[in-house]
Structure formats: structure tokens, C-alpha cells
Amino acid sequence: MIGRLFTGTGGFLIDMAERAGFTILLLARSTRWFGNALGRPREIASLGYTYGVRSLPVVIVVAAFTGMIVSLQTGLALAQYGQQEIMGSIVAIAMCREMGPFITGLILTATAGSSIAAEIGTMNVSEEIDALEVMSIPPEKFLVAPRIFTLTLLCPTLTLLTMLLGICGAAVVAHAQLGVAYSIFFDNAIDALRTIDWYFGFPKDLYTGLFKSVVFGISIATVACANGLTARGGALGVGQAARNAVIVSFLLVLIFGYILTWILYR
Amino acid sequence: MIRLEGISTALGGRDILRGLDLTIRRNETYVLLGPSGAGKSVLLKHIVGLIRPDEGRITIDDEDITHRRGAELGSVRRSIGYVFQSGALINWLTVAENIALPMREHTDQSDDAIETKVQKLLDLVHLSKDGEKFPDEISGGMKKRVGIARALALDPPIVLFDEPTAGLDPIRARAIARVVGNMRESLEVTSLIVTHNLGIAFEIADRIGFLENGRITEEGTPEEVSASKNPFVVEFLADRAAGKRTE
Ligand SMILES: Nc1ncnc2c1ncn2[C@@H]1O[C@H](COP(=O)(O)OP(=O)(O)O)[C@@H](O)[C@H]1O
Ligand SMILES: [Mg+2]
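Line order of the protein sequences matches chains A and B. According to the numbering used here, the stretch in the first sequence is residues 1099 to 1364, in order. According to the numbering used here, the stretch in the second sequence is residues 333 to 579, in order.
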């Protein structure tokens, strides 16, 4: 009984290590095709449109509501001390450093990540990946590199949107619920971002948020492709690949988010 | 020439091929018969290095490819056209783009030259007017024919067909058989065809082989095979004697 538990756990760990290894190797093997992906802007644009448009409604709603919720929570707490005027700074820093990339990462995981895994998984179980290999067209070149490249661009773009919408949503709540004037809110927001380092005319918090989102984009796409490429056994396997991709990417967004915050702000 | 020697392969814990020997001569049309699940597709995949054997040796034109991986297989793979059971088309590319894909990836031909070649291939598989359609918009039989056109795009000296007529109505099956038959007459190709369609098998084969229990248990010209006393072969061919067996 206990023995079986151990072999079971061992098998699980080995399986996980294998998957992680495959995913990292896939990213490494795909990097040499990034130049090739760069040379096919139309395909990148089309992929970006597909995954971006699919995510856009969710991003808009979630970003606005997150901003509103953060605003309301901090606003109510600050109002007890009559400090609601500094809401703008708290919201701006929260959205740029953490919430923006984090929320966008999770949404892209659920939308783009799951659909990439399902798409490539379907190709895998219907022999399309085999067909590419037989035609000596590496899937890394044909499928993986363009998708990593696309999400590397898409994730920061949507993150920027999330930051903006979140801050605007927060401003509306601050104004409507707590009577903070828009001008005061935004002055505070900009001031807060300004107090940290500036690079090239933009605050550090913005850069770190965007840098995080680039890392998230790469990991979401790579994990999704890896799971699609290892899908086995028909429609069931495709579903499982999509689910695995979402779970692993969720975890990576959390873990990388923490590690990057630690590195960038310690 | 394709030569498989003593190939043994286990997949998912089951022995699929057990010491299989098979030689296909240059410019020969070889038809492989056998029950579903016998390992026919697995056998074809060995020839293009998608599956590697546990034991044995695979040579193509005297090149040993048994242990090659990835890019090392490039030159051999480019000399082989593979028609997949399902067509295996890329579904965001049109029919014409699917057929053009190997040429775009592996040759420096101009767009015009590629377009001309694609049209020729479309004509060959009787899909002259369907180049602009997407795989989702065409029937299963048409997908298979597109798969054939794509496999022939680089004029490979070897073509492998995995059940090119399965699931098609008799008329479409005949159309595909005609394409394969024509190829045999007009081009210098070595082809290995997996099929359940005995009528077509006996019509186009130079030689027929039976895959059973992981080996080729019977092999010969259509006449020789018809005269076989092997009970498995006799039973397998019984339906044909009765005059009907499509699919
Ligand atoms: N990649 C694989 N992993 C595990 N089992 C496989 C794999 N490919 C095929 N098989 C098994 O090998 C056997 C032969 O399959 P196949 O060659 O597709 O049969 P067929 O002769 O009908 O083409 C089947 O039992 C199938 O389940
Ligand atoms: Mg098969």
C-alpha cells in the first residue's frame, strides 16, 4: 500500500520532470526559428488577431472590474482616515506592478493557452504533426516559434490595456463612490509612478509590469505548444492537453510573477 | 529500394511487429493487406522514421536510416511522399496552399512555377476547381486526394499510401485507384499501398503482401497470392471470390 504510494508519487514526479524538460527543450529549439517568424509578419498578425480578439472582451471586463474592486477596497479603508485622495497612487502601482500582467497572464492562459494546446493537440492526433515531420517541416518552425512570438507581443499589449482600463475603472469608482475628483486621482497616480526610477520617459513600474508580461507570454505559449505536441489518444487526449496547459501556465504565471517581483524590487 | 530486416517493435507494451522482413523493389507497386490493427500504419511510419524499431534494420536505397532522428532524416524524407490515412491537411491553409507547402519549404521555385505545379497536381487528382477551398469545406475523399497531391509535390521516387480509398464510396475509390494506377504507368515511382480494397489491390499491384501477427506471412504476385493455400489468406480473400468487397 505504502509502496504503491511511493511508486505512484515517483512516477508522477518523473512524469513531471519529463514534461518540464520537454517544454524547456522546445523553447530552446524554437528560438532558432524566431528570425523566421519575424520574416512572416502576416502570419504573426493573423495569429495575434485570432488570439487577441478572442481575449479582448474578457480582458476589458476583468481589467475594469479589478480596478473598480481594488479601488473600492482601498478607498473604503483609506476613507476611515480621510486619506481617500491617495487612492490614485495605490491603484496605479498595484495595476502596473502586479495586477496588470497577472490578470492578463491568467486570461491569456485561459483563452490563447487553452486554444493553442487544443489546436496543436488536434493536429497531433489527426496525424498533421506527423505529416509536417515527414515533409521535413519542423513543428518548432511552423507552429511553435510563431505562437511564442505572437504571445510575446500580445501579452504586453493587452497588459498595457489592462493597466489603463484598471486605472480608469478605479478612477470612476473613486469619483462616484468616494467623491475623489478625477484630477486628484490621476495626479496622484502619475506622482506615485514618478517617484520610482524613470527610464526613457516612462516609470520603472510600467517597465517591470511589461517585462513580466513578456515572460508570461513566452511561458504560456511554450507550455501550450508542448502540451499540444505531446497529446495522445484522440479527443480525450486533446481535452487533457488543454487542461494541463492551463493548469501549468496558471502556476507559472504565479511563480514567475513572484520571482520577478523579488528580483526587480528587492 | 526499401528494405526492412528483422523489424521488431513494441508500442504501448504490446508487440506490434515481430521480426518482420520486407523488401520493396525499385519502381514496384506493392500492396500491403492485413486486418485492422495489424500494424500496417505502424510499418509505414517506420519507413519515414516516425517510429523507430526496437530491433532490426531499415535501409532505403542502401542508406541505413534505422537510428536517424530529426534533421538527419531530411534527405530521405524528401524522397518519400506519404499519404496519411486522414489526409492530415493543415486546416488554416487552402487546398492549393497545402499542396504548395513542401515546395515553398524546400525549393526556391518562383510563385508562378509553384502555382503551375499545384494546378497540375490538382488536375491529376481531379480537383481542378477546388484549390481555393479550405480543408473544412471539402469531403473526406477530397481531403485524401489533396493529401495525394501534396505527397507528390516534390516528385518523390517513393510514395507510401495509407488506406487511400478507405471510407470512400466505390466511385471515389475508383477515382483514387485511377490516380495511383496512372502514376504507376507514367512515372518512375516505387509505391507501397495499404488498402482494404481487394479489387483495387489486385488491379494495381505488382506484388501483394499479407501482414499478420507482426510479420509478412504471404507474399507474391496477384496470381500467386490468389492460389495460396494459407488459411488466413484464403479467408481474407474469400469475399473477393464472392465478387464484392469495397472499402
Ligand atoms: N504511437 C502508438 N502508441 C501505442 N500504440 C500504438 C501507436 N501506434 C499504433 N499503436 C497500436 O498499434 C497497433 C497497430 O496499429 P496500426 O498500425 O494503426 O494498425 P493498422 O494495421 O490498422 O493500420 C494498434 O493496436 C494500435 O493501437
Ligand atoms: Mg492504419
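Ideal placement from N, C-alpha and C gives every residue a C-beta, glycine not left out.
Query raised in the report: Would you call A/Q1181 buried or exposed, if buried means 16 or more other Cβ atoms sit within 10 Å of its Cβ?
Result: exposed
Query raised in the report: Cβ of B/H458 less than 8 Å from any chain A Cβ?
Result: no
Query raised in the report: Nearest CA to the CA of B/L500: which residue from B/R516, B/S523, B/N529?
Result: B/N529
Requested in this report: Look up B/Y362 in the DSSP assignment and give the residues it is bridged to.
Outcome: B/L524, B/R539
Query raised in the report: Comparing the C-beta of A/I1246 with each C-beta of chain B, is any distance below 8 Å?
Result: no
Query raised in the report: Which chain B residues are close to A/A1333, counting only those with a beta carbon under 7 Å from its beta carbon?
Result: Residues of chain B passing the Cβ test: none, with the nearest at roughly 14 Å.
Query raised in the report: Rounded to a whole number of angstroms, what is the C-alpha to C-alpha distance between B/L459 and B/K476?
Result: 11 Å
Query raised in the report: If you draw a straight line from the alpha carbon of A/T1359 to that of A/K1239, how long is it in whole angstroms?
Result: 32 Å
Query raised in the report: At least one CB of chain A closer than 8 Å to the CB of B/E495: is that the case?
Result: no
Query - chain A contact for B/L354 (CB, 8 Å cutoff) - result: no
Requested in this report: Following the continuous alpha helix (DSSP H) through B/S442, name the residue where it begins and the one where it ends.
Outcome: Run containing B/S442: none; DSSP gives neither H nor E here.
Query raised in the report: Under 7 Å Cβ-Cβ, which residues of chain B neighbour A/S1128?
Result: None at all; the shortest Cβ gap to chain B is about 14 Å.
**Report entry** Contact residues within the stretch 1228-1256 of chain A, judged by C-beta distance below 7 Å to chain B
**Finding:** D1228, A1229, E1231, V1232, M1233, S1234, I1235
Requested in this report: Can you tell me which of the three DSSP states B/P496 falls into?
Outcome: coil
Query - Residue environment, B/R401, which counts as buried when at least 16 other CB atoms sit within 10 Å - result: exposed
**Report entry** beta-carbon A/E1225 near ligand 2 non-hydrogen atom, thresh 7 Å
**Finding:** no
Requested in this report: Look at B/I431 and B/R482 and say whether their C-beta atoms are less than 8 Å apart.
Outcome: yes
Query raised in the report: Taking 7 Å as the line, does the beta carbon of B/E495 fall inside it for any heavy atom of ligand 2?
Result: yes
Requested in this report: Sort B/R350, B/H399, B/E360, B/R357 by Cα distance to B/L375 and report the nearest one.
Outcome: B/R350
**Report entry** Selection from B/D468, B/D494, B/S411, B/R510 that minimises the alpha carbon distance to B/D455
**Finding:** B/R510
Query raised in the report: Is B/G513 near ligand 1, with its Cβ less than 7 Å from a heavy atom?
Result: no
Query raised in the report: Going by the C-beta, is B/K582 closer than 7 Å to any heavy atom of ligand 1?
Result: Here chain B comprises residues numbered 333 to 579, so residue 582 of chain B is not present and cannot be evaluated.
**Report entry** Collapsed DSSP secondary structure at A/I1265 in the structure displayed
**Finding:** helix
**Report entry** Neighbour-count burial assignment, B/V457, 16 or more Cβ in a 10 Å radius
**Finding:** buried
Query raised in the report: Got a sec: does ligand 1 put a non-hydrogen atom nearer than 7 Å to the Cβ of B/S340?
Result: no
Query - CB contact flag (A/F1300, A/G1186, <8 Å) - result: no
Query raised in the report: Taking 7 Å as the cut-off, is the CB of B/Q441 close to at least one heavy atom of ligand 2?
Result: no
Report task. Grab the span of the alpha helix (DSSP H) containing B/L296 for me, first residue to last. Result -> For residue 296 of chain B there is no data in the structure shown, the boundaries of chain B being 333 and 579.
Query - Test item: CB-CB of B/I353 and B/G338 under 8 Å - result: The displayed chain sequence assigns Asp, not Ile, to residue 353 of chain B. Yes, the Cβ-Cβ distance between B/D353 and B/G338 is below 8 Å.
**Report entry** Per-residue contacts from A/S1224 into chain B (C-beta, under 8 Å)
**Finding:** S418, A420
Query raised in the report: If you measure from the beta carbon of B/V380 to each beta carbon in chain A, is any gap under 8 Å?
Result: yes
**Report entry** Sub-8 Å separation of A/G1203 and A/G1267 beta-carbons
**Finding:** no
**Report entry** Backbone CA spacing between B/R335 and B/A570 [nearest angstrom]
**Finding:** 30 Å
Query raised in the report: Would you say the stretch 1317-1333 of chain A touches the stretch 1274-1292 of chain A, given that touching needs at least three Cβ pairs under 8 Å?
Result: no
Query raised in the report: Going by beta carbon distance, what residues of the same chain come within less than 6 Å of A/A1339, once the five residues before and after it are set aside?
Result: A1215, G1219, N1325, G1326, A1329
Query raised in the report: Is the beta carbon of A/V1312 less than 8 Å from the beta carbon of A/T1248?
Result: no
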